[in-house]
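Remarks on the structure that follows.
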Amino acid sequence: MSTKQSTLGQLIAALGLDTENEWSHVVRERLVAYALLGLYVFVIWFPIYFIFITSIKPTSAVLDIPISFVPTQPTVSNYVEIFQNRPFELYTLNSLIVASTTTIICVTLGTVTGYSFSRYDFVGNKTLLLSIVGARMIPPIALIVPFFSIMSNPPLVGGLTGSLYDTRIALILTYTFFNLPFAVWIMKNYFDGVPESLDEQARIDGCSRWEGFVKIILPMAKPGIAATAILAFIFSWNEFVFALVLTSSEQAQTLPIAVSLFVADDFVDWAHLAAGGMIAALPGILFGLFFQQYIVSGLTQGAVKE
Amino acid sequence: GGNGSSDGESGSDGSGETTGTGTESMADSIVFYNAGSLKYDPGTEANIERFEDETGISVEVNEVPWNNLKTSLTTIWRNKDATVDAFNGPTWWLADFVASDWLEPLELGDSHMSNFPKNLQNLVTLDGKTYMAPEFGKWGTYLYDQTHFEEQGVSEAPQTWDEVVSKGQQLKTENTSPFAFTWSNKSVFTFKQFLYQAGGQLFNDSNEPVFVDGGMDVMDFFTKLRTQDLIPDGISSMGEGGAGDTFIAGQLASVESWTPLGARALDADGWGKDRLASAKPPKGPDSRATFQDTNGISVSAFSEKKRAAKKFAQFMTTTKSSKTNMKVEGNPAVIPSVYDSEEIQSQYPSWLLEDMKFNLEHAKSETYLAQPQVDDYLAEQITPALLGDKDPQKALETAQSNIERLYQDIGLL
Amino acid sequence: MAHVELNDLVKEFDDVTAVDGISLDIPDESFTVFVGPSGCGKTTTLRLIAGLERATDGEISIGDEVVNDRRAYERDIAMVFQNYALYPHKTVRENMRFGLEQHDTPEDVITERVTEAAELLQIQDLLERKPSELSGGQQQRVALGRAIVRDPAVFLMDEPLSNLDAKLRVQMRAELNKLHEELSTTTVYVTHDQVEAMTLADQIAVMDDGQIQQVGAPTHVYSNPRNMFVAGFLGSPSMNFIEGTLERDSAEKLQLDIGTDTHDIPDEFADELEAYLDDQVVLGIRPENISLNQDGIAANVHPATVQVVEPQGEKTVLELDLDTGQTIKAAVDPDTTVQMGDSVNLRFDRDSLQYFDPQTGESLTYESKSEQKLTA
Amino acid sequence: MAHVELNDLVKEFDDVTAVDGISLDIPDESFTVFVGPSGCGKTTTLRLIAGLERATDGEISIGDEVVNDRRAYERDIAMVFQNYALYPHKTVRENMRFGLEQHDTPEDVITERVTEAAELLQIQDLLERKPSELSGGQQQRVALGRAIVRDPAVFLMDEPLSNLDAKLRVQMRAELNKLHEELSTTTVYVTHDQVEAMTLADQIAVMDDGQIQQVGAPTHVYSNPRNMFVAGFLGSPSMNFIEGTLERDSAEKLQLDIGTDTHDIPDEFADELEAYLDDQVVLGIRPENISLNQDGIAANVHPATVQVVEPQGEKTVLELDLDTGQTIKAAVDPDTTVQMGDSVNLRFDRDSLQYFDPQTGESLTYESKSEQKLTA
Amino acid sequence: MSTEKQSLRRKLDRLFVPLTVGPTMLWIAGIIVYPTLKLLWSSVFWTNPITSQKEFVGLRNFKRLIFAEGGSGTFLGLAPDFVSITWHTFVYVGLSVSISFALGLGIALLLDKDLKGRGWFRTAVIVPWILPYVMSGLMWRWMFNSEYGAINGILTQSGLLSSKIAFFSDGTLSMMALVIADIWVFTPFIIIILLAGLQNVPEQLYDAAEVDGAGKISRFVNVTYPFLKPSILVALTIRIIFDIRALDLVWVMTQGGPGKSTEVWASWLYRTAQVFNRPGEGAALGVVLLAVTFMIVALLYKVFGESPY
Ligand SMILES: Nc1ncnc2c1ncn2[C@@H]1O[C@H](COP(=O)(O)OP(=O)(O)OP(=O)(O)O)[C@@H](O)[C@H]1O
Ligand SMILES: Nc1ncnc2c1ncn2[C@@H]1O[C@H](COP(=O)(O)OP(=O)(O)OP(=O)(O)O)[C@@H](O)[C@H]1O
Ligand SMILES: [Mg+2]
Ligand SMILES: [Mg+2]
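Residue numbers (the working numbering), protein chains in the order written: chain B, -13 to 292; chain Y, 24 to 436; chain V, 10 to 385; chain R, 10 to 385; chain U, 2 to 310.
In structure tokens:
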């Protein structure tokens, strides 16, 4: 009893909910925040949970009524069957390579360009920025055919022979085209919020534009960079239509394609689909968990808050 | 025929290979686009393995989700790209592909083609050339829940549309609807099947849409079913999976579904050979024809490995392959003789085989140009009509005039 | 080490002219202090020298080289910003190290200098904190520390001690003095603290409205202002100005008629003022040069009534109404016993008198006083 | 209108105790000034009163109500922040209006008050600018303006004049004084400027290291510090401390042996100091209470050598080496003629002497001097 | 430092803007110039889907898509498809963007608080966005399944409803399902962008506002919002642009059905260009879409465009 209380007490203290050390309104707000966040997380995770329990139900039990929301006879057979037939490791690898390369390119170029747009009033600054944002308003679906033709013909540059069709490079190029404008724009807006006096101080400290940018401004732009990186990563991670058209084999196909393959034409085998979906979701979830501290610290650190 | 070495000099496909002529040497690999995952096509998978073993030509299978296969192919061909050699798809794509010069005639020879029933041969032949080798059949089979029938005192499946209605009254219970259709979320397919049963067709020989009269029979039938509550609510959204699921859940007394549902039902909990039964489709005003949705293999006109691809198309559609496919997967064979073979007879109940064979021989279909858009014009009118939200006559007339205009537009009329 | 030269420097922001044609020579190794009212352009001038703003017009040279087109990082300066501009994500130590690292200073030198500066600024215990965890004065000391660890050609300091208490400020002032004596780095310094200006400066530049009013040695400027603005700006409480008409008294000597009272002009100024006979002249006298004549009425005293007694610790400031109606201030001994309402006689220290032209504000006695000093 | 009471107030940041048990009564309508060295906890105390920090311990009441759990916006205070904290996206006018709008002030009152305050602060011309287009001093005035337009229960001002030049500061000080006389709003004020502290305060609280060292009327605290810290902190240059051994001279009177020289203890302190006979005692004397005895050696003078002559305008500060080796400072008339190296005799004003226990730092004469003042 | 190195440094510094902006502009030019021209070019041609022959038709493609051919009795002479699909798009984008924005803003504000364990909350909240859209679409199709879906399960098994709802057989319900799925998938995006933006709000201004007597709402309006504006602009713009042309969810969940009741511009464009093989009309739709998007973005710029300084 007493230990229970003390662990409860510890929990309360750890969550910053003890009225001893905190303002009562702060505690009240925190409580409300925890409650709301808890509710929200519960609601948005419920579908994932439902897919998960569907995936560990025996195939036949999936269609039981009433629906059981707690698995009674969990089984991994759906997973085993799927894994036997699917090179998921390859799809995951492709997704990872494509998404991370795209992210690196977009974040690098987007950050430096966004910074210049934010700080320097060079000729055409506004026009260029507007055209960058405007560029991304073209709906990509309208461009499937031209893109396919670019990628399936030997590239103009580099003296390479052979086309880029069904390579990760094709996807990376396509995705950077889509993501870069946004990266530039997000970073520009972010840098607008970083006080210019810090640039000046860096200059006084003997930094050239490059050095000041790299050593002072970049560390402070972490939240913006993190947001941009996540955006670029997830967009590439999730893209489907172009992956479908530009790739045709495991050497370049990504997870969304893998998932879509579970959809047979004429009936949906929900148990296996759910298992496949979980497997396809897993890299993302693991990725999220693994990088959570980077995501979180990226999104908060460097903050210019004074 | 298991002897694949007859023309098996596996010449390497030289880099300077030219397209178009049949005199090229045999490539040692081809790219095959399969609709959906081979996981769900074990029959095809087994046949591909046999092909590779016997010819030494390796087949690179590219699984493309069904919904996107046509897009992928269209994109590739609009670029005159040689990425794909052969693919597997339904017969109703043929007309558009052929009209665009995207497919290569298969030159399968009469001996091969004569294995298939006449109606099917016609379907894959355009301007006298064969563009698709039929691989396996897809058509509706009337399945019913025998236990439920017995409980409601119905001893025999309905033989005609009228019986569907009359027996439906008996079969209806609180939890169970008497009747549903496999094609139900593709209302066009449903419509076509019943149109054929009513003796109608979509187009006449000079490409004019002519379905309004026959269509009205279909609409009348449906209105009866709907107003008398003999089909479930929301019928328009019940895809094959949905109808099948509902059937297995015991909430449908009978269903017109493509055959694998039979196999699924036999495996399901609480089902078995005693409970599941099949019958021939109920006869409409004209016939018991079902809708033909057969899949076959075609070869790309832009392929650089046409010889190997054609060989593949032929191999995959031999009697043996057809039998294998049916054995492994339960896909209905498109060659009547397969149903009589001993292996198959021992594997499936004879009543089922009898109905399947009947369907194969009586199925109907049409190939017509601008199929997706024609279907779209149809669907947008008949879906609300089927649901009772629109006057059927008016819906059909609108659809017909829209299609007429489309055909004028593209120069067919 | 370098001397800095400003030539007709102008800086305009949209519709504000912040710096309006400044020319100034800042000799090598000198300590030049800018003073002037709020918004007169001190910070802007510093930023122009630093290369953080582009001059609208004019020329800046550092060490004989025109640097208008040089980037700030190429000018080799260290600067203390008025608003600190500390890097919020770096600790105090990192803030201080950064400039040195940028200049490829060896690690041991960095450590040494940072430690030294931290000690000098009494922030040794704060080295690992982030700026947000510091008090205002501590942040300011870090900003100062960041500059003094460097060894630049020019130091620019913008009110670096404004947030420090008197005691610390005296210490820091002494340290800055020592530092300047040791390193002799040319320093340009902005302050609003007169004591700082007087004690630190080799030369002091008084600015107003974007222009330099007077430049010179601090005591010279203080005791010999060129015009009423400078006279009034320096000194706290500021100089009293008493306007009157110049006339001749019965003895034919010049005297100022200031209403019901008169003021005798000292003989040495008679020549300069002659020309203003019968004209308006302003007499300037600093509060600390006024004393209470408690021995009864004598010559050259002015009767007045005490209005306010303001003890300020080391001195007491009196607000007095002259019998002529003008209000003036006097700074007297803190142990004075006068009280509100007392009638007193004021004696103006005759060595410290100044006379100005009320129209132009120019000092009438500037030249002669300057000479006097020189000969003295 | 409200009085403010602080009871054993403590504020700890992670490992720093910024405020360490402060108890203070701030009477209604009073003007209380906090002074103390940089980092001693002044800002933190203000923030605690404002409700921007939560007290780790202790109690704060405003107008008889304990407000520990009241939020800042429920406390009805106006505050000038040390770092201004202007809203960068609002114009000067909007910055000033905002607080009034929050308190549902009628439009015409807002307009009137903002116009008035702007005039008073001499920022009328800047009303449409954004803070980033202002000089440091201008920003500070806006921050001040934002507070004074309000009519709160308590004003909190954190070094509101630190970035203004002397002249403007004197004006602002006067305006604040007038404002306080008109409105009588309880005001808590932090400054490092002693003149400000002395002239504005009804009571002054000297802080060190998170604690209050002494509270009282400004002149009282200045002339009668409770301990060496207070004595040394107030006044600039600060009080000289001379340590010696208390002994009896030939006449049996107490005297301080300060090496080669001695210092006679005035009779009125004989009783208090008696107990320290043969012990160490520290003599405190402010620089301005030291004068140069130029009439040759007499009683109670101390010979010394001038080391540094520092003219500061209104006074000149001398750094002197006593013959005993100790260094002290004296503030003398600016027209002094002494020069570096001169030998002089110093006279300590005997009314202004202080004595301290060197161990505890406590004043030994605090009690008796307080009484003296009272009876005087 | 050697003078050589110094002059290099100087040169590099002078080239800062060209070097930072140049490569990106070149890179992007690929998608501005080429595809835009391609799009405009294609939109004035008509390709016979049967014979693949191209024909210059001027603005006919636009006329056909936007105005009814007969023009009889339709609203403003607009094509009924155009009107209804525009309305669907408006409903779909409007509802899902506004709801997810409100939700995302709320959650971002909560997550910006100094809470223990907020790291885990952040991760948990982002996950829906990490899952492939296809998977999410299927998942929601399963959730809304008319027989075995969790939603029907909960509603009927808890006794709230007596019979199950066939969500995908009703246009309105299908749209609702799409909107819910869309909100589920894209709210994390809003959260992330706004969360990053919130980091730039100077803490001291909250203090100043609180002292000025500003309550929660007023602090949000007067301090948070001005600093968040650029991020809101980014979040809304990208969100709207993505949603207007988002195809994945619609295609996986309803394919525009039942009938055409959930057909939106994106699926219409896809259907026209890819399924019907009518690239010219698809391109024309693309141009319309581009113009509409541009207008929306311009509007957003007007509302949120100013930066806080
Ligand atoms: N957020 C914080 N975290 C940790 N320490 C802090 C924080 N804020 C203030 N301190 C410390 O608390 C002490 C008191 O700070 P405070 O700001 O009250 O000083 P102050 O008296 O206002 O000084 P100054 O005159 O320099 O402004 C200082 O040592 C400071 O470093
Ligand atoms: N970025 C700007 N845009 C417009 N006006 C500006 C800008 N910066 C400064 N000013 C104006 O230029 C004038 C000079 O400003 P500056 O900062 O140099 O004054 P200062 O002498 O440093 O004053 P203070 O002692 O108050 O800091 C002021 O009137 C100020 O308002
Ligand atoms: Mg300034
Ligand atoms: Mg402070």
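Ideal Cβ placement from N, Cα and C applies to all residues, glycine included.
Here the structure is a predicted model, which means the values were calculated and not measured.
Segments of 4+ residues assigned as alpha helix (DSSP H) that fall wholly inside the stretch 168 to 202 of chain Y = 169 to 174, 184 to 194
Beta strand (DSSP E) segment containing residue 249(V), residue limits = 249 to 257
ask   = With respect to 7 angstroms, is the separation between the Cβ of residue 59(V) and the closest non-hydrogen atom of ligand 2 below this value?
value = no
ask   = residue 102(B) to residue 231(V), Cα distance in whole Å?
value = 48 angstroms
query = Along chain U, in chain order, which residues have C-beta atoms closer than 8 angstroms to that of residue 107(R)?
reply = 210, 213, 215, 223
key: Min CB distance residue 148(R) to chain U below 8 angstroms   = no
query = If you count every other CB in all the chains shown that lies within 10 Å of the CB of residue 383(Y), and 16 or more means buried, which is it?
reply = The residue in question, residue 383(Y), is buried, as its Cβ has 16 or more Cβ neighbours within 10 Å.
ask   = Using a threshold of 7 angstroms, is the CB atom of residue 309(V) nearer than that to any non-hydrogen atom of ligand 1?
value = Checking every heavy atom of ligand 1 against the Cβ of residue 309(V), none is found closer than 7 angstroms.
query = Using a Cβ-Cβ distance under 8 angstroms, would residue 14(U) count as near chain V?
reply = yes
request  = Report the neighbours of residue 131(B) on chain Y: residues whose CB is nearer than 8 angstroms to its CB, in chain order.
outcome  = 98, 101, 102
request  = May I ask you to check if the CB of residue 232(R) is nearer than 7 angstroms to at least one heavy atom of ligand 4?
outcome  = no
task = Quick one: which unbroken alpha helix (DSSP H) runs of 4-plus residues sit fully inside the stretch 31 to 116 of chain V? Chain order, please.
result = 51 to 59, 101 to 111
task = Pick helix, strand or coil for residue 312(R), following the three-state DSSP scheme.
result = Residue 312(R) falls in the strand class under three-state DSSP.
request  = Taking residue 223(R) as the query, report the chain V residues whose CB atoms sit under 7 angstroms from its CB, ordered along the chain.
outcome  = Correct list: empty, because the minimum Cβ distance to chain V is about 14 angstroms.
ask   = Do we get a CB-CB distance below 8 angstroms when we pair residue 84(U) with the residues of chain Y?
value = no
query = Counting contacts by CB-CB distance shorter than 8 angstroms, is residue 144(B) in contact with chain R?
reply = Only weak support is given to the placement of residue 144(B): the predicted model assigns it a pLDDT of 49, under 50, and the value that follows is read from those uncertain coordinates. Residue 144(B) does not count as touching chain R.
Assigned secondary structure, residue 198(V) (DSSP; H/G/I helix, E/B strand, else coil) = Of the three classes helix, strand and coil, the one that applies to residue 198(V) here is strand, per DSSP.
Delimiting residues of the alpha helix (DSSP H) encompassing residue 2(R) = There is no way to answer for residue 2(R), as the model of chain R reaches only from 10 to 385.
query = Can the beta-carbon of residue 301(Y) be found closer than 8 angstroms to that of residue 183(Y)?
reply = no
task = Starting from the beta carbon of residue 231(V), find every residue of chain R whose beta carbon is closer than 7 angstroms, and list them in chain order.
result = Going along chain R in sequence order, the residues near residue 231(V) (Cβ under 7 angstroms) are 322.
message = Quick check on residue 80(R) - is its C-beta less than 8 angstroms from some C-beta in chain D?
response = Looking for chain D here will not work: the only protein chains present are B, Y, V, R and U.
message = Taking contact to mean 3 or more Cβ pairs, one atom from each stretch, closer than 8 angstroms, check whether the stretch 52 to 66 of chain B and the stretch 146 to 161 of chain U are in contact.
response = Between the stretch 52 to 66 of chain B and the stretch 146 to 161 of chain U, the count of C-beta pairs closer than 8 angstroms reaches three or more; the two stretches touch.
Contact list for residue 249(U) against chain B, beta-carbon separation under 7 angstroms = Below the 7 angstroms Cβ cutoff, chain B contributes 226 as neighbours of residue 249(U), in chain order.
query = CB-CB under 7 angstroms to residue 72(R), same chain, minus the five flanking residues each way: which ones, in chain order?
reply = 11, 12, 162
message = Just checking residue 51(R) against ligand 4 - is the residue's beta carbon closer than 7 angstroms to any of the ligand's heavy atoms?
response = yes
query = Does the beta carbon of residue 91(Y) sit closer than 8 angstroms to a beta carbon anywhere in chain B?
reply = yes
ask   = What does residue 156(Y) pair with, by DSSP beta-bridge criteria?
value = DSSP lists 320(Y) as the beta-bridge partner residues of residue 156(Y).
8 angstroms Cβ cutoff met for residue 275(Y) and residue 203(Y) = yes
request  = May I ask you to report which of helix, strand or coil DSSP gives residue 27(R)?
outcome  = strand
message = By the three-class DSSP mapping on this structure, what secondary structure does residue 269(R) have?
response = coil
inquiry  = Can you tell me whether residue 323(V) is buried or exposed? The criterion is at least 16 other CB atoms within 10 Å of its CB, across all chains shown.
reply    = buried
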